[in-house]
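**Student:** Dropping the structure in here first, questions after.
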Amino acid sequence: MKIRILIAVIMTLFVFVACEKEEVFIATEDSGNLTGYWVNQQFADTLFTYEKSDNLVDNEYGFAFLPGGKFIERKNAGWCGTPPISYADFEGSWSLNDSIFNVTVGYWGGTATYRWRVVSADNGRLIIDVVSEDYSQEN
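Quick note on this note's numbering: the sequence shown kicks off at 18 and runs consecutively.
Structure representation (structure tokens):
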């Protein structure tokens with residue numbers, strides 16, 4: 018009888034621990050954990066994960082959400098993606114509506130417009146889901 022009670026207690030504790038509610042992140046433009054430099058892009062399923070840094074890394078992809086809606090993206094400087102790849106900084110702007118980043122930034126062929134959903138931002142890590150990315154070419 019005592020073993021059944023012990024097993025029931027352990028299973029009940031397991032259910033409460035396993036069903037811990039995930040914290041919902043609500044982003045705002047003045048969220049200090051969003052502004053800054055984001056590097057070391059990792060990709061899993063449909064999510065992109067970045068680490069916060071003191072600056073952008075030479076010859077690697079990264080971006081910065083700066084105060085006043087300024088956006089800088091370090092990325093491929095030309096149409097060819099075959100190594101060696103040349104990188105350049107492209108300036109643009111960003112805004113935040115609920116948990117959706119709206120970004121407009123230049124690229125080697127024109128202007129890119131991104132919509133990224135913030136999944137989480139904590140402990141120096143940013144996870145986003147790409148809602149859409151549109152590229153318009155300049156003539």
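Cβ atoms here follow ideal geometry from the backbone N, Cα and C, with glycine treated the same way. What you are looking at is a predicted structure, and each value in this text was computed from that prediction instead of being measured.
Report yes if the C-beta distance between residue 133 and residue 145 is below 7 Å; otherwise report no.
**Tutor:** yes
**Student:** Would you mind working out which of 126, 82 and 129 sits nearest residue 138, comparing C-alpha positions?
**Tutor:** 82
**Student:** Could you say if the segment 61 to 71 and the segment 96 to 108 meet the contact criterion of at least three C-beta pairs nearer than 8 Å?
**Tutor:** no
**Student:** For residue 53, which three-state DSSP category applies?
**Tutor:** strand
**Student:** So for residue 126, helix, strand or coil by DSSP?
**Tutor:** coil
**Student:** Exposed or buried, what is residue 141 when buried is set at 16 or more other beta-carbons lying within 10 Å of its beta-carbon?
**Tutor:** exposed
**Student:** In this structure, does DSSP put residue 79 in helix, strand or coil?
**Tutor:** strand
**Student:** Here's the rule: buried if 16 or more other CB atoms are within 10 angstroms of the residue's CB, otherwise exposed. What is residue 80?
**Tutor:** buried
**Student:** In this structure, does DSSP put residue 109 in helix, strand or coil?
**Tutor:** Here residue 109 sits in strand by DSSP.
**Student:** Given a cut-off of 7 Å on the beta-carbon distance, is the pair residue 122 and residue 129 in contact?
**Tutor:** yes
**Student:** Would you mind working out which of 118, 110, 92 and 155 sits nearest residue 57, comparing C-alpha positions?
**Tutor:** 92
**Student:** Would you mind sorting residue 60 into buried or exposed? The rule is 16 or more other CB atoms within 10 Å of its CB.
**Tutor:** Classified as exposed, residue 60 has fewer than 16 neighbouring CB atoms from the shown chains inside 10 Å of its CB.
**Student:** Leaving aside the five residues before and after residue 78 along the sequence, list all residues of the same chain whose C-beta is less than 6 Å from its C-beta, in chain order.
**Tutor:** For residue 78, the CB contacts under 6 Å within the same chain, skipping 5 residues up- and downstream, are 58 and 92 in chain order.
**Student:** If you draw a straight line from the C-alpha of residue 155 to the C-alpha of residue 127, how long is it?
**Tutor:** Computed Cα separation, rounded: 5 Å.
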